[in-house]
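Trainee:
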Amino acid sequence: MATLILLMMVLYGTFGTQQPRSSSSFRRDYQLLGRPLYKLDLSWPKNPELFTGDVFAVAVNQYSGVVYVAQRGYNIPKILVFTTYGDYLMSWNTTTLEMPHGIFLADAASSNPTVWITDVGNGPYGHCIKQYTASGKLLQVLGTPGKPGSGVNPLQFDQPADIFVHSSGEIYIVDGDGGMNNRLIKLSKELEVLWMHGEKGHGLAQFYIPHSVTVDNSQRVWVADRGNKRIQVFNSITGDWLGTWGSCFTEDAPYSVRMTPDKKYFVVVQLNTNQISVLDAPPVGLIGQCRVVSVIQLADDVKPHLVDLDLKTGALYVAEIGAQQAQKFTPFSLGMTVL
Numbered sequence: 123m124a125t126l127i128l129l130m131m132v133l134y135g136t137f138g139t140q141q142p143r144s145s146s147s148f149r150r151d152y153q154l155l156g157r158p159l160y161k162l163d164l165s166w167p168k169n170p171e172l173f174t175g176d177v178f179a180v181a182v183n184q185y186s187g188v189v190y191v192a193q194r195g196y197n198i199p200k201i202l203v204f205t206t207y208g209d210y211l212m213s214w215n216t217t218t219l220e221m222p223h224g225i226f227l228a229d230a231a232s233s234n235p236t237v238w239i240t241d242v243g244n245g246p247y248g249h250c251i252k253q254y255t256a257s258g259k260l261l262q263v264l265g266t267p268g269k270p271g272s273g274v275n276p277l278q279f280d281q282p283a284d285i286f287v288h289s290s291g292e293i294y295i296v297d298g299d300g301g302m303n304n305r306l307i308k309l310s311k312e313l314e315v316l317w318m319h320g321e322k323g324h325g326l327a328q329f330y331i332p333h334s335v336t337v338d339n340s341q342r343v344w345v346a347d348r349g350n351k352r353i354q355v356f357n358s359i360t361g362d363w364l365g366t367w368g369s370c371f372t373e374d375a376p377y378s379v380r381m382t383p384d385k386k387y388f389v390v391v392q393l394n395t396n397q398i399s400v401l402d403a404p405p406v407g408l409i410g411q412c413r414v415v416s417v418i419q420l421a422d423d424v425k426p427h428l429v430d431l432d433l434k435t436g437a438l439y440v441a442e443i444g445a446q447q448a449q450k451f452t453p454f455s456l457g458m459t460v461l
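The C-terminal residue of the sequence shown carries number 461 in my numbering, and the numbering is unbroken.
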């Protein structure tokens with residue numbers, strides 16, 4: 123990665139954007155390498171002091187202009203809700219959520235959008251995936267609360283890491299944030315298992331701590347296979363393995379993978395090197411090798427974990443464990459097309 127970054131600096135120049143540290147001690151320092159695609163929005167959110175725990179995940183509803191931030195800690199709200207302009211709306215203090223890990227907004231265009239959250243807690247409500255209303259009312263639970271397992275009938279989880287709900291209602295889950303499972307599961311809209319890859323290992327279609335999942339418009343599923351420092355790709359219909367990207371992740375593993383609204387790029391987070399990388403998305407029928415076109419180099423110990431994108435504006439939201447905050451980056455007018 124170091125060689126790649128040096129090459130990018132020679133080709134594109136180094137775009138240094140050093141922001142002064144705010145008086146509230148929240149981390150704002152970053153640097154852009156390669157093609158400048160994003161810039162930090164220093165005005166979001168308007169009340170950063172509301173972050174009182176370890177921020178693990180973010181999710182955006184581009185239709186209502188609402189951002190959900192999941193955080194961990196004792197005696198704090200697990201979910202904070204802001205507008206995309208940074209105004210604070212509400213928080214959830216639900217006792218049904220122990221340790222949120224991944225979060226996803228489903229049915230965003232409907233009048234009743236729902237929020238899916240993976241819970242890796244070890245208490246009576248953990249090892250599950252939960253669906254809530256937009257205001258925090260629990261609707262249903264996938265898995266057996268408080269009991270880790272590998273079963274599929276009934277469905278069980280052990281520290282489920284991330285979830286992606288397709289517009290069709292089909293659900294993709296990566297299960298195994300360090301637990302007994304290392305699985306990619308596809309569920310039907312009726313919550314029946316359609317296909318699964320569940321073998322731990324380093325071979326093709328095997329996983330070691332699958333951490334994030336997303337689906338593109340070309341019937342491809344992209345999985346951040348964290349422990350193996352690679353992204354694996356599968357056919358979303360059949361589950362067939364299609365390819366692997368590993369050359370971009372020699373220094374640190376991919377933790378999060380999401381796609382930009384124009385479908386030209388993937389946004390990938392590397393926690394230990396404090397980087398957010400933007401990768402070219404391959405055309406239909408070709409996986410090939412990964413290619414980094416831009417890097418947001420965050421300050422030391424920020425520890426970016428999971429990201430989400432506003433599919434209307436292209437804005438990028440980043441959950442940062444080390445800095446205990448979420449940040450918003452907006453696309454430059456040049457270099458990225460917003461649908």
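All C-beta atoms in this analysis are idealised placements derived from N, C-alpha and C, irrespective of residue type, glycine included.
1) With contact counted as at least three CB pairs below 8 Å, one residue from each stretch, are the region 239-249 and the region 257-268 in contact?
2) At the level of alpha carbons, what is the spacing between Thr360 and Ile307?
3) Leaving aside the five residues before and after Phe451 along the sequence, list all residues of the same chain whose C-beta is less than 6 Å from its C-beta, in chain order.
4) Beta-carbon separation of Ile251 and Pro282 under 8 Å?
5) So is Asp347 buried or exposed if we call it buried at 16+ other beta carbons inside 10 Å?
6) If you check the beta carbons only, do Phe226 and Trp238 fall under 8 Å apart?
7) Between the C-alpha atoms of Asp299 and Lys322, what's the straight-line distance to the nearest angstrom?
8) The beta strand (DSSP E) spanning Thr174 covers which residue range?
9) Return helix, strand or coil for Asn303, following the three-state DSSP convention.
10) Confirm the yes/no value for this check: CB of Asp297, any heavy atom of the ligand SAH, distance under 7 Å.
11) Would you kindly report the start and end of the unbroken beta strand (DSSP E) that includes Val414?
12) Please report the straight-line C-alpha distance between Asn396 and Cys412, rounded to a whole angstrom.
13) Helix, strand or coil, according to DSSP, for Phe329 in the structure here?
14) Determine the direct distance from the alpha carbon of Pro332 to that of His324, and round the result to whole angstroms.
15) Am I right that Gln193 and Asp432 are in contact with their C-beta atoms under 8 Å? What's the rounded C-beta distance?
16) Could you give the distance in angstroms between the alpha-carbon of Tyr152 and the alpha-carbon of Val345?
17) Quick check: Ser310 and Glu292, are their CB atoms within less than 8 Å of each other?
18) For Ser186 and Ala230, what's the separation of their Cα atoms in angstroms?
19) With DSSP collapsed to three states, give me the class of Phe204.
20) Should Ser145 be labelled buried (16 or more other beta-carbon atoms within 10 Å of its own) or exposed?
21) Distance check for Val188 and Pro167, CA to CA, integer angstroms please.
22) Let me know the secondary structure DSSP gives Ser358 once reduced to three states.
23) What is the DSSP secondary structure of Phe226, counted as helix, strand or coil?
24) What's the C-alpha gap between Phe454 and Gly436?
25) Is it right to say Asn304 is buried, meaning 16 or more other beta carbons lie within 10 angstroms of its own, or is it exposed?
26) Roughly how many whole angstroms lie between the Cα atoms of Arg143 and Thr218?
27) Which class does Arg149 belong to by DSSP, given the choice of helix, strand or coil?
28) Does the Cβ of Glu171 have 16 or more other Cβ atoms within 10 Å, making it buried, or fewer, making it exposed?
29) Can you list, in chain order, the residues of its chain with a C-beta nearer than 8 Å to that of Thr236? Leave out the 5 residues immediately preceding and following it.
30) Which partner residues does Asp402 have in the DSSP bridge list?
31) What are the boundary residues of the beta strand (DSSP E) that includes Arg342?
Mentor: A quick look at the data gives this:
1) They touch, by the three-pair rule.
2) Note on geometry: alpha-carbon atoms of Thr360 and Ile307 lie some 12 Å from one another.
3) If we look at Phe451 and ignore the five residues flanking it on each side, its Cβ neighbours are Tyr160, Leu162, Leu438.
4) Cβ atoms of Ile251 and Pro282: closer than 8 Å.
5) Buried, since its Cβ has 16 or more Cβ neighbours within 10 Å.
6) Cβ distance < 8 Å, so Phe226 and Trp238 count as in contact.
7) C-alpha separation (whole angstroms): 12 Å.
8) Here Thr174 belongs to no beta strand (DSSP E), and DSSP marks it neither H nor E.
9) Coil at Asn303, not helix or strand.
10) For the structure depicted, the ligand SAH is absent and the ligand set is empty, with no information on it obtainable.
11) Looking at the DSSP string, the run of the beta strand (DSSP E) that includes Val414 is 414-420.
12) One Cα belongs to Asn396, the other to Cys412, and the distance between them is close to 19 Å.
13) Phe329 carries a strand assignment under DSSP once its states are collapsed to helix, strand and coil.
14) Straight-line Cα distance between these residues: approximately 12 Å.
15) Between Asp432 and Gln193 the Cβ distance is about 20 Å, and since that is not below 8 Å, they are no contact.
16) Taking the Cα positions, Tyr152 is about 27 Å away from Val345.
17) Going by C-beta atoms, Ser310 is nearer than 8 Å to Glu292.
18) When rounded, the separation of the alpha-carbon atoms in Ser186 and Ala230 is 8 Å.
19) Three-state result, Phe204: strand.
20) Its pLDDT being 38, under 50, Ser145 is placed unreliably by the model, and nothing is read from it.
21) Rounded to the nearest angstrom, the two C-alpha atoms are 12 Å apart.
22) In this structure, Ser358 counts as coil in the three-state DSSP scheme.
23) If DSSP states are grouped into helix, strand and coil, Phe226 belongs with the strands.
24) Straight-line Cα distance between these residues: approximately 10 Å.
25) The residue in question, Asn304, is buried, as its Cβ has 16 or more Cβ neighbours within 10 Å.
26) Caution is warranted here: a pLDDT of 36 is assigned to Arg143, below 50, making its placement in the model unreliable, and the coordinate value is therefore given only provisionally. Their Cα atoms are separated by approximately 36 Å.
27) Judged by DSSP in its simplified three-state form, Arg149 adopts coil rather than helix or strand.
28) Exposed.
29) Closer than 8 Å at the Cβ level, and outside the excluded window around Thr236, lie Leu227, Ala228, Asp229, Gln253, Tyr254, Thr255, Ala256, Leu261.
30) Answer by DSSP bridge pairing, in chain order: Tyr387.
31) From DSSP, the beta strand (DSSP E) with Arg342 extends over 342-347.
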